[in-house]
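Chemist: Residue 24 in my numbering sits at position 7 of the sequence shown, with consecutive numbering throughout.
Note that CB positions come from ideal geometry on N, CA and C, so glycine has one too.
Let me begin by handing over the structure; questions about it come next.
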Amino acid sequence: MKKSTITATFKANIKEVWEVVTNNNKYDWRSDLSKIDVSIDGNSFTEYTKGNFPTKFNITLKKPYERYEFDMTNKNMNGHWIGVFSPLNNGTQIEFTEKVSVNNPIMNFFVGLYLKKQQALYIADLKKELGE
Numbered sequence: 018m019k020k021s022t023i024t025a026t027f028k029a030n031i032k033e034v035w036e037v038v039t040n041n042n043k044y045d046w047r048s049d050l051s052k053i054d055v056s057i058d059g060n061s062f063t064e065y066t067k068g069n070f071p072t073k074f075n076i077t078l079k080k081p082y083e084r085y086e087f088d089m090t091n092k093n094m095n096g097h098w099i100g101v102f103s104p105l106n107n108g109t110q111i112e113f114t115e116k117v118s119v120n121n122p123i124m125n126f127f128v129g130l131y132l133k134k135q136q137a138l139y140i141a142d143l144k145k146e147l148g149e
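Okay, structure coming up:
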């Protein structure tokens, strides 16, 4: 299992950051996605990349303004994501950790770099959405 963690700070308050990250019905700020389908109960969702590759997510914990977790799976991998939100100097600090197991042993060599790249893109998109 590969693990990747990214930490970032934002000028925006914790409520604003939380709302952007956890609102799966509003995804137009994500440059890597074509769409997200959200279940009726809101407890699961499927993200589709620009190339229409699906990844399924099942929310396992949602503690407002503190912690957000979900399991994720697609044909290449499965794993768990943890998002920790903390107030910091009138702004917000986030720490996002992904733990992933890949199905193909060859892909295992590259998954760490891929996760870092995806996390950096997510933070860049989030900063842009927050006007930072």
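Per the DSSP calculation, ARG84 is bridged to which residue(s)?
Modeler: Here residue 84 corresponds to residue number 67 of the sequence shown, with the count starting at 1. Beta-bridge pairing links ARG84 to LYS80 and VAL101.
Chemist: Count the other CB atoms within 10 Å of the CB of ALA137; is the residue buried (16 or more) or exposed (fewer)?
Modeler: As a first step, residue 137 is located in the sequence shown; it is residue number 120 there, counting from the start. Classification for ALA137: exposed.
Chemist: What does the alpha-carbon distance come out to for the pair THR114 and ILE57?
Modeler: Your numbering for residue 114 matches position 97 in the sequence shown. Your numbering for residue 57 matches position 40 in the sequence shown. Between THR114 and ILE57, the C-alpha separation is close to 27 Å.
Chemist: With a threshold of 16 other CB atoms inside 10 Å of the CB of TRP46, please say whether the residue is buried or exposed.
Modeler: In the sequence shown, the residue the question calls residue 46 occupies position 29. Looking at its Cβ environment, which holds fewer than 16 other Cβ atoms inside 10 Å, TRP46 is exposed.
Chemist: Where SER51 and LYS73 are concerned, what is the direct C-alpha to C-alpha distance, given to the nearest angstrom?
Modeler: The residue labelled residue 51 in the question sits at position 34 within the sequence shown. The residue labelled residue 73 in the question sits at position 56 within the sequence shown. Rounded to whole angstroms, SER51 to LYS73 spans 14 Å at the Cα level.
Chemist: Counting pairs of Cβ atoms below 8 Å between the region 97-112 and the region 19-29, do you hit three or more?
Modeler: The region 97-112 vs the region 19-29: in contact.
Chemist: Measuring CA to CA, which of LYS20, LYS32, MET18 and SER21 is closest to LEU105?
Modeler: Locating residue 105 in the sequence shown gives position 88, counting from the first residue. Checked all of LYS20, LYS32, MET18 and SER21; the closest Cα to LEU105 is LYS32.
Chemist: Return the first residue and the last residue of the alpha helix (DSSP H) that TYR131 is part of.
Modeler: Residue 131 sits at position 114 when you count from the first residue of the sequence shown. That run of the alpha helix (DSSP H) goes 128-146.
Chemist: Could you pull out every residue in the same chain whose Cβ sits closer than 8 Å to the Cβ of ASN42, ignoring the five residues on either side in sequence?
Modeler: As a working note, residue 42 is residue 25 in the sequence shown. Taken in chain order, the residues that qualify are ILE53 and VAL55.
Chemist: Beta-carbon within less than 7 Å of ASN93's beta-carbon, same chain only, minus the 5 sequence neighbours each way: which residues are those?
Modeler: Start at 1 with the first residue of the sequence shown, and residue 93 comes out as number 76. Taken in chain order, the residues that qualify are VAL119, ASN120, ASN121 and MET124.
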